[in-house]
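> Below are the structure tokens for one structure; questions will follow.
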Amino acid sequence: MALWFLRGLRRGVVTTGYPARSDDSAARLPTPPAFRPAALDRSTADRLVAVCPSLALRREADVLVFDVGACTACGRCQDAVPGAAAPSGEFELAATSRAHLVKRIPLLREAGT
Amino acid sequence: MTDGDPALSSQQDQPGVPPPASGSEPGPELAAGRQLSERIARQFGRSLHIRTLDTGSCAACEQEIRLLAAPHYDLNRLGFFFTPAPRHADLLMVTGPMVRAFDVAARKTYEAMPGPKIVVATGACALGGVYQPDAFVHGSVAEILPVDVWIPGCPPSPLALLQGLLVAVDRLAEKVGGLSFAADETQEAAQ
């Protein structure tokens, strides 16, 4: 206890300075994926939609609709189509409107049917 | 207790008494609404008391919410405090997919809070991601309570929750609205 107290005094505080200073510790946790439009056509998008367990993905013609609010950052889309998705590293995701969390990602047109 | 009963019975007569989700509905009331939200932000700019409400969550969100009080995050330094009573709370943090059996309790909790009040939907379940509406769950907190701020994540990390709380009291700007979640091609080429 006394040792901890002295060490604490020497090292300073353990508390994050988050709102004032950036803290990337949360970015190393699972984060929702960012998709590469260049690697996505209709068939790969359909594979992503089929593999998503929380219904965060759906395809509307040549657009992949990604609901960040529904995403659980499970990483299955990254495994299903390698190169199409990678962790975004974004954790500051709070939104004042539900619609702000729905992202529309354009697909490659010429590769589609 | 007796004064609470008429309000409750009138609520049960008309289901869905609280207005639906505060989405991006345009209208002539927008300017007045913005003024009101600025006033509320001023009022909430000081210390703020949080009541958590578990509507069928798996408790992962609760675990992260508990971590907010840990020394590393220490939300008390920002003026946030947890309170066990909704009557003392300014902000309601709702987790879980809103189990139908919890309707009355959720409405009573919301009604018990003094105004002005903020509702924060926390976690993918509360945002309508994991569970679809069925006989047991509404699937989204917005079906029952008017949600002001949405915090995604399964579960959201304590820093994400902290950012959500600061967005809720307007001390931090929302960031996710400007993100595309499409990887930047120029960045890819540079690598």
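So the sequences go chain by chain: A and B.
Using my numbering, the letters of the first sequence correspond one by one to residues 18 to 130.
Using my numbering, the letters of the second sequence correspond one by one to residues 640 to 830.
By construction, the Cβ of each residue, glycine as well, lies at the ideal position given by its N, Cα and C atoms.
Once DSSP output is grouped into helix, strand and coil, what is the label at B/A698?
Three-state DSSP puts B/A698 in coil, outside helix and strand.
> Cβ atoms of B/S779 and B/G792: under 8 Å apart, would you say?
no
> Would you kindly check if the distance between the Cβ of B/L730 and the Cβ of B/A807 is under 8 Å?
yes
> Where B/G695 and B/F741 are concerned, what is the direct C-alpha to C-alpha distance, given to the nearest angstrom?
8 Å
> Do you know offhand how far B/G816's Cα is from A/I122's?
Rounded to whole angstroms, B/G816 to A/I122 spans 14 Å at the Cα level.
> Please state whether DSSP places A/T61 in a helix, a strand or coil.
helix
> What would DSSP say about B/I689, mapped onto helix, strand or coil?
If DSSP states are grouped into helix, strand and coil, B/I689 belongs with the strands.
> Would you call the segment 97–109 of chain A in contact with the segment 41–59 of chain A, where contact means no fewer than 3 C-beta pairs closer than 8 Å?
When C-beta atoms of the segment 97–109 of chain A are compared with those of the segment 41–59 of chain A, three or more pairs fall below 8 Å, so the two segments count as touching.
> Compare the C-alpha of B/K814 against each of B/R726, B/T722, B/I790 and B/T734 and name the closest.
B/I790
> Just the C-alpha distance for B/S756 and B/A728, rounded to the nearest angstrom, thanks.
In the sequence on display, residue 756 of chain B carries Lys and not Ser. In this structure, the alpha-carbon of B/K756 lies about 8 Å from that of B/A728.
> Less than 8 Å between CB atoms is the rule here; does B/E750 satisfy it with respect to chain A?
no
> From B/R746 to A/R115, what distance separates their C-alpha atoms?
21 Å
> Under a CB-based cut-off of 8 Å, is B/L692 close to chain E?
The structure shown has no chain E; the protein chains it does contain are A and B.
> Counting only C-beta atoms, is B/S686 closer than 8 Å to chain A at any point?
no
> Please list, in chain order, all residues of the same chain as B/A751 whose beta carbon is under 6 Å from its beta carbon, the five residues on each side excluded.
For B/A751, the CB contacts under 6 Å within the same chain, skipping 5 residues up- and downstream, are P725 and R726 in chain order.
> Would you say B/V788 lies against chain A (beta-carbon separation less than 8 Å)?
Using a CB distance cut-off of 8 Å, B/V788 counts as an interface residue toward chain A.
> Take A/P70 and list the residues in its own chain whose beta-carbon comes closer than 8 Å to its own, dropping the five residues that flank it on each side.
The beta carbon of A/P70 sits closer than 8 Å to those of T89, C91 and R93, all from its chain and outside the five residues before and after it, given in chain order.
> Select from B/Q702, B/E677, B/A699 and B/G735 the residue whose C-alpha is nearest the C-alpha of B/L692.
B/G735
> Classify B/G762 as buried or exposed, calling it buried when 16 or more other Cβ atoms lie within 10 Å of its own Cβ.
buried
> Which chain B residues sit within Cβ distance under 8 Å of A/C88?
A763, G768, P791 and C793
> CB A/A111 to CB B/Q802, shorter than 8 Å?
yes
> Would you check if the distance between the CB atom of A/K120 and the CB atom of B/F820 is smaller than 8 Å?
yes
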